[in-house]
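Novice: Take a look at the following structure, please.
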Amino acid sequence: MFASFITQLAARSEPALRWSGPAGDLELTGAVFANWIYKSTALWEDYGASGLAVITDGHLHWRAAAGMLAAAGLGLPVSVLEADSAAPDGAHVALVPAGMEQAEAAFDADEVFVYATEPLALSTDVPEDFLDFITEVRSRPDVVPLASTQQLRLDVKGRTLSVPIPEEPGPDAVLPAFPTDEAELTSALRALLGGILTLG
């Protein structure tokens, strides 16, 4: 279940996630990435999020991955969208990289959380009426109770992916964009437990 998955991830003191982007590269230990998932879970709960729209420029940033996993772990509907996609049905919050605040896919969101893409940024400059995802996350508790969710579900650009949350670690995996099928999603999750998941 999701809680035990994150417990396993948090026990890893070695790198579990590698991110590479135009603003730089970063490796995160399992413990650090799990901490971001814990804090993101608290954030979505505090804001009463009913769903999450992750708006992408075609790549999965490590901060977006943390927010996405936290929402999916809570059992919330999670939609991965391109900037010009229609917003998902139903109440939701949106998570967007800086510079994409005005994306059509974010128009109907209850709140829009914006994150800087620089790998070590401690805050984000955001326009009025938007929220700084980094600052909001960093202000949350380091550990919170997690749900016993058994199945991880994502709607990726109109395709629903649903996989059992793995318990067994796996080898390294590379995710250049978002997962496109269940096998790719499972491999990515298992890599977090036993190898290194490379994003970007």
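Quick note, the sequence shown lines up with residues 1008 to 1207 if you use the working numbering. Just so it is clear, CB atoms sit at the ideal spot from N, CA and C, and this is done for glycine as well. Since the structure is predicted, the reported quantities are computational estimates derived from the model, not experimental observations.
1) Mind reading off the beta-carbon distance from glutamate 1125 to glycine 1031? Whole number of angstroms is fine, and I expect it under 8 Å.
2) Look up arginine 1223 in the DSSP assignment and say whether it is helix, strand or coil.
3) If you pair each beta-carbon of the stretch 1111-1118 with each one of the stretch 1019-1034, do three or more pairs fall below 8 Å?
4) Work out the CA separation of arginine 1166 and isoleucine 1127 for me, nearest whole Å.
5) Taking 6 Å as the limit between beta carbons, can you name the residues of its chain near tryptophan 1026, skipping five residues before and five after?
6) Which residues mark the beginning and the end of the alpha helix (DSSP H) in which glutamate 1052 is found?
7) Can you tell me whether DSSP reads isoleucine 1062 as helix, strand or coil?
8) Work out the CA separation of alanine 1071 and valine 1103 for me, nearest whole Å.
9) Could you please give me the residues that DSSP links to valine 1181 through a beta bridge?
10) What residues match up with glycine 1031 in a beta bridge as DSSP calls it?
11) What do you reckon, are the CB atoms on isoleucine 1044 and alanine 1090 nearer than 8 Å?
12) Using only alpha-carbon positions, find the residue among Ser1092, Val1119, Met1107 that is nearest to phenylalanine 1059.
13) Consult DSSP for arginine 1197 and reduce its assignment to one of helix, strand or coil.
14) Which residues bound the alpha helix (DSSP H) around leucine 1016?
15) Which whole-angstrom value is the C-beta distance of leucine 1204 and alanine 1190, which I expect to be below 8 Å?
16) Closest to serine 1086 by C-alpha separation, out of Phe1012, Val1170, Lys1164, Pro1176, would be which residue?
17) Do glutamate 1108 and proline 1084 have their CB atoms nearer than 8 Å?
18) For the putative contact between phenylalanine 1040 and leucine 1024, defined by C-beta atoms under 8 Å, what is the C-beta separation to the nearest angstrom?
Specialist: This is what the structure gives:
1) 7 Å
2) The question about residue 1223 has no answer here: the residues shown for the chain are numbered 1008 through 1207.
3) no
4) Just to set this straight, residue 1127 is leucine in the shown sequence, not isoleucine. The alpha-carbon atoms of leucine 1127 and arginine 1166 are separated by roughly 32 Å.
5) Leu1033, Trp1069, Leu1206, Gly1207
6) 1037-1053
7) strand
8) 8 Å
9) Thr1205
10) Gly1028
11) no
12) Per the sequence presented here, residue 1059 reads as leucine, with phenylalanine not at that position. Out of Ser1092, Val1119, Met1107, Val1119 has the C-alpha closest to the C-alpha of leucine 1059.
13) helix
14) 1009-1017
15) Not quite, the Cβ-Cβ distance comes to about 14 Å (not below 8 Å), so this is no contact.
16) Lys1164
17) no
18) 5 Å
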